[in-house]
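Trainee: Take 0 as the starting number for the sequence shown in numbering that gives the first Met the number 0 and just add one per residue.
If you scroll down you'll find the structure; I have some questions about it.
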Amino acid sequence: MSVDLDIGPLSWVKGEIDLELERAGLSLAAYAADPAGDGLKKASASIHQAHGALAIVGLDGVTEFADATEKLLTALRDAKVPDVVAAIVAAQGAFASLRGYLDDLMAGHPNQPLKLFGPYRAMAVARGETAPGPAELFFPDLTQRPPKREKNPPPLAPDALVARLKAARLGFERGLLKWLKSDPKGIAEMRVSVSMIEMTRGTPAARAYWWVALGVLDALAADGLPDATEAKRFAMHLGAQIKKLTDGREEASQQPLARSAVPGRLRRGRRRNPRHRARRLPSGRHGAHDNPLGDRKAAAPPAPSA
């Protein structure tokens, strides 16, 4: 289940946002008809106003989308888009998609910004950038903490902790290499290593990232991740975080890291794979629900070519 979104703050600024999006669309159409006019400048000003109002509401994924829209108009102004017509089409699509999404929120629909991924991706491509992954619009609720342990393990002495983390890193890297070579047993080894790390974390906040990662590895083992590329990206990032931890750098518990713990396409559908046993993972900013895992297999990416 998910926690209902409090639409109060949005309702206070919804009228202003709608007006600015409408103005932006009309101004951009005027620019398309007369590039020498001030239509693009007016469109940018309107989107800037809408972006500011959304930032006040605090809908992180929607604010990220609005930021991407503003960046596209800036790139258009600076003549840094590969195709002006495609950029205008992408921007107009973004205006319409954002307004429709906000209408849905006001009607009681759940806050799932990944629904905006199509136009978000189109804007990035229109700016001439590499197509982003869906995780860019995934903002987990970090107030959702792992379940309380029945019994906490005894704390390790500093030297023992360092040795434990190094062993976990070696085990993870060994498992990752196997998995990249299409050996599914590697997933189990990666999971054991992450579990070793999670058991060394004493507070819910410190455990959260690793708890989420364990859930994704469970899904990966159950063929529950629908995109092999996203799965590989997740595994590589997880390995980087383990290295960071063993090097004594910042704990992997901040929002950007937690976002990247879950491949974006993990949450795109609502279908369930009956074979997967992945745990419940933190969901969007306003609650948690069951994992919407896809049903296409991605147990391991193709083996690298010789």
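The C-beta atom is built at its ideal place from N, Cα and C for all residues, glycine as well.
From a predicted model like this one, the values you see are computed outputs, not experimental measurements.
Please go through the same chain and pick out, in chain order, the residues whose beta-carbon is closer than 7 Å to the beta-carbon of Ile87, but skip the five residues on each side of it.
Mentor: Correct list, in chain order: Leu27, Ala31.
Trainee: Please report the straight-line C-alpha distance between Thr245 and Met235, rounded to a whole angstrom.
Mentor: Rounded to the nearest angstrom, the two C-alpha atoms are 16 Å apart.
Trainee: How close, in whole Å, do the beta carbons of Leu169 and Met189 come, if the pair is a contact with beta carbons under 8 Å?
Mentor: Actually they are not in contact, since the Cβ atoms of Leu169 and Met189 sit about 12 Å apart, beyond 8 Å.
Trainee: Work out the CA separation of Asp158 and Ala134 for me, nearest whole Å.
Mentor: In a straight line, the C-alpha of Ala134 is about 36 Å away from that of Asp158.
Trainee: Under 8 Å, do Gly38 and Phe94 count as touching if we go by C-beta distance?
Mentor: Not closer than 8 Å, so no.
Trainee: Just to confirm the assignment: which complete beta strand (DSSP E) runs, minimum length 3, are found wholly within the segment 76-159?
Mentor: The qualifying runs do not exist here; there are none.
Trainee: How many Å lie between Arg126 and Thr68 at the Cα?
Mentor: C-alpha separation (whole angstroms): 10 Å.
Trainee: For Asp33, count the other beta carbons within 10 Å of its own beta carbon; 16 or more makes it buried, fewer makes it exposed. Which is it?
Mentor: Exposed.
Trainee: Cβ atoms of Ala207 and Pro131: under 8 Å apart, would you say?
Mentor: Not in contact: Pro131 and Ala207 (Cβ atoms no closer than 8 Å).
Trainee: Using the three-state DSSP reduction, which class does Ala221 fall into: helix, strand or coil?
Mentor: In the structure shown, Ala221 sits in coil (DSSP, three-state: anything other than H, G, I, E or B).
Trainee: Taking DSSP as the reference, what is the three-state secondary structure of Leu72?
Mentor: Helix, per DSSP.
Trainee: Touch check for the segment 4-17 and the segment 100-116: three-plus C-beta pairs under 8 Å?
Mentor: Yes, they touch.
Trainee: Could you tell me if Asn110 is buried or exposed, where buried requires 16 or more neighbouring beta carbons within 10 angstroms of its beta carbon?
Mentor: When all chains shown are included, Asn110 counts as buried.
Trainee: Tell whether a beta-carbon distance below 8 Å holds between Ile196 and Ala167.
Mentor: Contact: yes.
Trainee: According to DSSP, simplified to helix, strand and coil, what is Ser192?
Mentor: If DSSP states are grouped into helix, strand and coil, Ser192 belongs with the helices.
Trainee: Just to confirm my understanding: we take Val124, look at its own chain, exclude 5 residues before and 5 after, and list those with CB closer than 7 Å. What are they?
Mentor: Around Val124: Ala130.
Trainee: Which whole-angstrom value is the C-beta distance of Leu113 and Phe64, which I expect to be below 8 Å?
Mentor: Not confirmed; about 10 Å, so no contact.
Trainee: Measure the C-alpha to C-alpha separation of Pro154 and Thr199 and round it to an integer number of angstroms.
Mentor: Those two C-alpha atoms are separated by around 7 Å.
Trainee: Once you ignore the five residues that flank Ala85 on each side, which residues in its own chain have a CB closer than 7 Å to its CB?
Mentor: Counting only Cβ-Cβ distances below 7 Å, and skipping sequence neighbours, we find Ala125.
Trainee: Just mark Ile46 as buried or exposed, buried being the case when its beta carbon has 16 or more other beta carbons within 10 Å.
Mentor: Burial call: buried.
Trainee: Below 8 Å between beta carbons: does that hold for Thr62 and Ser43?
Mentor: In this structure, Ser43 does not lie closer than 8 Å to Thr62 by Cβ.
Trainee: One question on the structure: do Ala49 and Leu71 come within less than 8 Å of each other, judged by their Cβ atoms?
Mentor: Taking 8 Å as the Cβ cut-off, Ala49 and Leu71 do not qualify as a contacting pair.
Trainee: Out of curiosity, what's the CA-to-CA distance linking Trp11 and Leu219?
Mentor: Approximately 42 Å, taken between the alpha carbons.
Trainee: Is Ser181 helix, strand or coil by DSSP?
Mentor: Of the three classes helix, strand and coil, the one that applies to Ser181 here is coil, per DSSP.
Trainee: Quick one: what does DSSP say Gly7 is sitting in, helix, strand or coil?
Mentor: The answer is helix: DSSP assigns Gly7 an H, G or I state.
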